[in-house]
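Just so you know, we're using the working numbering here: the sequence shown kicks off at 114 and counts up by one.
A short worksheet on the structure shown next.
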Amino acid sequence: MSYALRSLVEDDNRYLQSFQLFLECSSEHQCMQDFIHAILPDILTSIGEGKANINVMGVGSGAGEVDLKMFSELRLKHLAITVDNQVVEPSAQQLHLYKVLVSQKPNLDYIKFTWNKMTATEFEKDWREKNYTKKMDFIHMIQMLYYVKDPCATVSFYQSLLDKKGKLLIILVSGESGWGKLWRTFRTQLCSTESSQCVTTGDIKTYLDSKAVSYQSYELPSQMDITECFTEGDQRGELLLDFLTEVLNFSSTAPAELKASALELLRHPDCSKEVDGRVIFNNTLGVLVVDPLQHITCFARLLNLVLEVFPEVFEEVNRLCALVFCQAPQCCLELRAFMLENGQVLCRPAHNIARKLEDLQMKFEYGRTAGSDDWHPHTTELLGKLPEKDRLSCTELFQSVMAACSIKLQTVLEKHPCLHLFKLLTVLDPAQVVGARQDIKDYVHAIPALSKMSAEEWHRYMGIDKADAMEVSAVDWWAARQDILGCQA
Numbered sequence: 114m115s116y117a118l119r120s121l122v123e124d125d126n127r128y129l130q131s132f133q134l135f136l137e138c139s140s141e142h143q144c145m146q147d148f149i150h151a152i153l154p155d156i157l158t159s160i161g162e163g164k165a166n167i168n169v170m171g172v173g174s175g176a177g178e179v180d181l182k183m184f185s186e187l188r189l190k191h192l193a194i195t196v197d198n199q200v201v202e203p204s205a206q207q208l209h210l211y212k213v214l215v216s217q218k219p220n221l222d223y224i225k226f227t228w229n230k231m232t233a234t235e236f237e238k239d240w241r242e243k244n245y246t247k248k249m250d251f252i253h254m255i256q257m258l259y260y261v262k263d264p265c266a267t268v269s270f271y272q273s274l275l276d277k278k279g280k281l282l283i284i285l286v287s288g289e290s291g292w293g294k295l296w297r298t299f300r301t302q303l304c305s306t307e308s309s310q311c312v313t314t315g316d317i318k319t320y321l322d323s324k325a326v327s328y329q330s331y332e333l334p335s336q337m338d339i340t341e342c343f344t345e346g347d348q349r350g351e352l353l354l355d356f357l358t359e360v361l362n363f364s365s366t367a368p369a370e371l372k373a374s375a376l377e378l379l380r381h382p383d384c385s386k387e388v389d390g391r392v393i394f395n396n397t398l399g400v401l402v403v404d405p406l407q408h409i410t411c412f413a414r415l416l417n418l419v420l421e422v423f424p425e426v427f428e429e430v431n432r433l434c435a436l437v438f439c440q441a442p443q444c445c446l447e448l449r450a451f452m453l454e455n456g457q458v459l460c461r462p463a464h465n466i467a468r469k470l471e472d473l474q475m476k477f478e479y480g481r482t483a484g485s486d487d488w489h490p491h492t493t494e495l496l497g498k499l500p501e502k503d504r505l506s507c508t509e510l511f512q513s514v515m516a517a518c519s520i521k522l523q524t525v526l527e528k529h530p531c532l533h534l535f536k537l538l539t540v541l542d543p544a545q546v547v548g549a550r551q552d553i554k555d556y557v558h559a560i561p562a563l564s565k566m567s568a569e570e571w572h573r574y575m576g577i578d579k580a581d582a583m584e585v586s587a588v589d590w591w592a593a594r595q596d597i598l599g600c601q602a
């Protein structure tokens with residue numbers, strides 16, 4: 114590309130001017146208000162259940178008008194609660210307007226405001242550096258994912274901050290809107306900077322679906338009058354064009370061919386319709402309400418199912434459970450209890466193996482493998498609590514199992530609600546290794562290889578015999594259950 118277009122967000126004043134004009138010419142705030150009053154209350158019902166204080170975070174809150182409308186609905190649902198509200202907003206002007214608005218509104222004494230003049234990325238960096246462990250009950254990201262380098266990674270991080278009943282609210286333009294058509298057509302020309310992304314709810318849905326993340330989806334019909342964009346030299350039209358394209362001074366800096374093509378598409382029925390001589394742009398919004406990361410109990414259920422389907426791989430699975438339990442018993446108490454209470458699993462209790470591992474004082478070298486950066490954040494957090502020298506590369510641990518059992522795994526577990534947790538412990542996706550059949554003898558050696566023990570020594574010490582490895586007596590399970598109840602007491 115021989116030309117360089119600047120992102121609109123590089124000029125704070127012009128961005129605010131174009132944004133205010135956009136609000137004036139569109140029904141966006143009205144459709145958001147309809148959503149906040151009609152649908153959001155039911156979503157807010159569960160997040161504060163049983164709590165005296167609710168943690169809320171607004172990422173890209175702007176001047177706060179929408180935030181305070183949501184707080185009004187939250188207050189109606191939870192009359193006695195107090196709120197800690199983290200406001201994340203990079204614009205000094207917008208933060209100032211937000212503070213002024215708060216000062217003018219009565220009855221907000223139940224909300225404690227913490228002001229963070231930061232981008233979403235800067236806030237994430239600060240949060241990680243300070244090792245905050247606080248969990249959020251409600252996070253909203255309204256019309257802001259266009260301005261981060263990696264929208265999907267940003268969603269993943271903020272989802273990881275949710276408490277067990279928390280919700281992440283994302284509002285963007287719909288993939289079926291005029292924006293979606295415009296950006297799909299000119300993505301390489303218009304979305305060429307790290308500070309401006311042509312992202313729609315369709316893109317975020319694709320990402321969430323790939324990770325098997327649970328969410329609810331809504332469409333909010335909206336429209337915008339863009340008639341003035343087609344009058345050469347019209348200042349309001351030029352501001353609207355800047356906002357539509359996310360390009361600073363688009364009319365005067367874009368190549369003539371690009372400008373003509375963009376204007377032609379904006380008039381096209383795929384993007385707009387003509388009503389009484391006015392050009393009305395399809396500004397439909399999409400809303401995603403993302404659920405928290407799956408709780409450890411859900412992961413336990415998946416392990417339970419894996420063991421039922423593949424009892425021959427119980428060494429690998431229990432080794433992971435034992436390792437985490439040995440070093441982080443608080444994190445694994447629920448997992449351990451669940452497995453013991455469901456004694457139908459054809460494997461030795463994880464705590465028995467844990468004891469043997471403690472006796473042996475086995476140490477594992479931590480090695481990151483390809484794909485580990487894509488681990489589910491909750492899995493990363495869980496493993497991150499282990500001492501570094503004792504961390505086990507889960508990708509290596511499960512890789513050979515996946516190869517041998519891929520067909521069963523794909524057919525039996527494909528629709529499990531937290532399959533993504535199991536997939537993200539592996540290098541290979543089941544679909545990638547179908548047909549890569551191996552004998553059990555080939556992959557059972559993965560365990561001693563990682564622990565620097567011989568297969569014979571491992572099996573001998575663990576009391577595993579291939580003839581009876583799948584048998585666990587009721588006495589063993591009862592003893593294990595009594596042990597766990599004793600530990601809990």
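Glycine included, C-beta positions come from ideal geometry on N, C-alpha and C.
{"Item": "Which listed residue (Lys238, Gly288 and Tyr128) has its alpha carbon closest to that of Gly175", "Value": "Tyr128"}
{"Item": "Buried versus exposed call for Ala202 [16 or more other C-beta atoms within 10 Å across all chains shown]", "Value": "Per the sequence presented here, residue 202 reads as Glu, with Ala not at that position. Result: buried."}
{"Item": "Minimum length 4: unbroken alpha helix (DSSP H) runs contained in the region 243–313", "Value": "264–273 and 291–303"}
{"Item": "Run of the beta strand (DSSP E) containing Ile152, from where it starts to where it stops", "Value": "Here Ile152 belongs to no beta strand (DSSP E), and DSSP marks it neither H nor E."}
{"Item": "Beta-carbon gap between Ser335 and Leu285 smaller than 8 angstroms", "Value": "no"}
{"Item": "Residue range of the beta strand (DSSP E) that includes Gly171", "Value": "Asn166 to Val172"}
{"Item": "Cβ-Cβ distance between Val312 and Leu401 below 8 angstroms", "Value": "no"}
{"Item": "Inter-stretch contact at 8 angstroms, needing at least 3 Cβ pairs: the region 220–231 / the region 183–201", "Value": "yes"}
{"Item": "Beta-bridge partners of Glu332, as assigned by DSSP", "Value": "Gly399"}
{"Item": "Rounded separation between Glu137 and Asp180 - CA only", "Value": "19 angstroms"}
{"Item": "Spatial distance of Ser287 from Lys318 (CA atoms)", "Value": "10 angstroms"}
{"Item": "For Glu387, the first and last residue of its enclosing beta strand (DSSP E)", "Value": "Ser385 to Val388"}
{"Item": "Contact check, Cys265 vs Tyr320, beta carbons under 8 angstroms", "Value": "yes"}
{"Item": "Met231, DSSP secondary structure in three states", "Value": "coil"}
{"Item": "CB contact below 8 angstroms: Phe184 versus chain D", "Value": "This model lacks chain D altogether, as it is built from one protein chain only."}
{"Item": "Spatial distance of Val426 from Val122 (CA atoms)", "Value": "Reliability fails at Val426, whose pLDDT of 43 lies under 50, so the model's placement of it is uncertain and no value is given."}
{"Item": "Inter-residue Cα distance where the pair is Lys372 and Ser364", "Value": "7 angstroms"}
{"Item": "Other residues of its chain near Leu189: CB distance less than 8 angstroms, five sequence neighbours each side excluded", "Value": "Pro154"}
{"Item": "With 16 other Cβ atoms within 10 Å as the buried cut-off, status of Gly291", "Value": "buried"}
{"Item": "Asp197: first and last residue of the uninterrupted beta strand (DSSP E) it sits in", "Value": "Thr195 to Val201"}
{"Item": "Val172 vs Met254 beta-carbon contact at 8 angstroms", "Value": "yes"}
{"Item": "Distance between Val326 and Val403 (C-alpha atoms, nearest Å)", "Value": "8 angstroms"}
{"Item": "C-beta atoms of Asn166 and Lys247 nearer than 8 angstroms", "Value": "no"}
{"Item": "Contact test: Lys294 Cβ vs the ligand NAP heavy atom, cutoff 7 angstroms", "Value": "Among the ligands in the structure shown, none appear at all, so the ligand NAP cannot be discussed."}
{"Item": "Environment of Ala205 [buried if 16+ CB atoms lie within 10 Å]", "Value": "exposed"}
{"Item": "Cross-strand partners of Val360 (DSSP beta bridge)", "Value": "Ser120"}
{"Item": "Inter-residue spacing [alpha-carbon to alpha-carbon] between Asn362 and Glu351", "Value": "7 angstroms"}
{"Item": "Own chain, CB closer than 7 angstroms to Thr298, minus 5 neighbours either side, in chain order", "Value": "Leu378"}
{"Item": "Residue span of the alpha helix (DSSP H) that contains Ser139, given as start and end", "Value": "Taken as a continuous stretch (DSSP letters only), Ser139 belongs to no alpha helix (DSSP H), as it is neither H nor E."}
{"Item": "Closest residue to Thr97 among Leu282, Asp222 and Asp276 (Cα-Cα distance)", "Value": "Here the chain has residues from 114 to 602 only, and residue 97 is not among them."}
{"Item": "Between the CA atoms of Phe270 and Glu237 - distance to the nearest angstrom", "Value": "8 angstroms"}
{"Item": "For Asp180, the first and last residue of its enclosing alpha helix (DSSP H)", "Value": "Glu178 to Lys190"}
{"Item": "Backbone secondary structure at Leu218 - three-state DSSP", "Value": "A small fix is needed here, since residue 218 is Lys in this sequence, not Leu. Reduced to three states, the DSSP call for Lys218 is coil."}
{"Item": "Neighbourhood of Asn395 by C-beta distance below 7 angstroms, restricted to the same chain and skipping five residues each side", "Value": "Ser290, Gly291, Gln336, Cys384 and Ser385"}
{"Item": "Other residues of its chain near Thr366: CB distance less than 8 angstroms, five sequence neighbours each side excluded", "Value": "Tyr116, Leu118, Arg119 and Val360"}
{"Item": "Local Cβ density within 10 Å of Leu353, reported as buried at 16 or more and exposed below that", "Value": "buried"}
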